[in-house]
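Residue numbers for the sequence shown follow numbering that gives the first Met the number 0, beginning at 0 and rising by one.
Each residue gets a CB set at the ideal place from its N, CA and C atoms; glycine is no exception.
Just so we're clear, the structure is a prediction, and the values are computed from it rather than from any experiment.
Read through the structure below, which is laid out as structure tokens, and then see the notes.
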Amino acid sequence: MNISKTKKLATTGMFIALAYGVMAVGRVPVVLFLKYDPKDVVIVIGGLLFGPLTSLAVAVAVCVTEMLTVSGTGIWGCIMNILSSCSFACTAAFLYKRHRKLTGAILGLCGGWFCQTAVMMFWNYLIAPIYMGYPREAIVELLLPVFLPFNLVKGGLNTAITLLLYKPVVTALRRSNMIEGRDTTGTARIHVGVAAAALVILIICITLIFYLRR
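Put into structure tokens, the structure is as follows:
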């Protein structure tokens, strides 16, 4: 095994540990029984660095560990978590891999946001009655007033936080010699605009959380 592969494995393991850690301590109630945690931010950063398969590996490892330790939703909840994380992170990483520029990163994250929302609306309808023990009619009544805003907020927070953290995280990993190469996501001037847009998204999502929790 060459040094670059060893570094990739070590960095991927670090992403798994970090994603589990932020999931365990960073869960925030949003609406009813639904909580947001920032593990998808860590998962997607791994995917943007190493590709969608890394996002898949990190997501599966973290979600299975979550099921075995802190989650009470069992195998169905684990499947839902994997689908949610992968629909966001793998989509973003795949689109960015095809166009490794700042615009590719933004389009990838926005695509992941849309994909996560669409996928989870479908799977909430399909699987939620099974693992929650609710009649399907009750789940249908919750789709638009509860699940849709929750998934929009979740995807928005994931997108905004990733836009704010990706550059500093990549810079720190390069300085520690854990990854190689040069960042191609644009100039500092463009990043100021991206940071401003991310902050706007963040403020909107936080405002929606307060509204949903009333």
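- Per the coordinates, the alpha-carbon of residue 10 lies some 7 Å from the alpha-carbon of residue 177.
- Under DSSP, residue 34 shares a beta bridge with 28.
- Taking residue 93 as the centre and dropping the five residues before and after it, the same chain places the C-beta of 51 closer than 6 Å to its C-beta, in chain order.
- Pairwise C-beta distances place the stretch 83 to 93 in contact with the stretch 46 to 60, as three or more of them are shorter than 8 Å.
- Taking 7 Å as the cut-off, the Cβ atoms of residue 24 and residue 161 do not count as close.
- Sequence-distant partners of residue 72 (beyond 5 residues in either direction) whose C-beta falls short of 7 Å from its own C-beta, in its chain, are 130.
- Its Cα nearest to that of residue 76, the residue 32 stands out among 32, 102, 213.
- Between the stretch 199 to 213 and the stretch 134 to 142 there are fewer than three C-beta pairs closer than 8 Å, too few to call the two in contact.
- Between the stretch 14 to 22 and the stretch 119 to 130 there are fewer than three inter-stretch CB-CB distances shorter than 8 Å, so the stretches are not counted as touching.
- In this structure, the CA atom of residue 65 is about 10 Å from the CA atom of residue 74.
- Residue burial is scored here from C-beta neighbours: residue 67 has fewer than 16 other C-beta atoms within 10 angstroms and is therefore classed as exposed.
- A distance below 6 Å between beta-carbons, with the five flanking residues on each side excluded, links residue 150 to the following residues of its chain, in chain order: 116, 119.
- The three-state secondary structure of residue 179, taken from DSSP, is coil.
- By the criterion of a C-beta distance shorter than 8 Å, residue 26 is surrounded in its chain by 34, 35, 36, once the five residues flanking it on both sides are discounted.
- In this structure, residue 114 lies away from residue 84, with their beta-carbon atoms at least 7 Å apart.
- Counted as a single uninterrupted DSSP element, the alpha helix (DSSP H) harbouring residue 68 occupies residues 51 to 68.
- The alpha-carbon of residue 171 is positioned some 48 Å away from that of residue 134.
- A distance of 7 Å or more separates the beta carbons of residue 204 and residue 132.
- Ranked by Cα distance from residue 55, the options 12, 29, 207 are led by 12.
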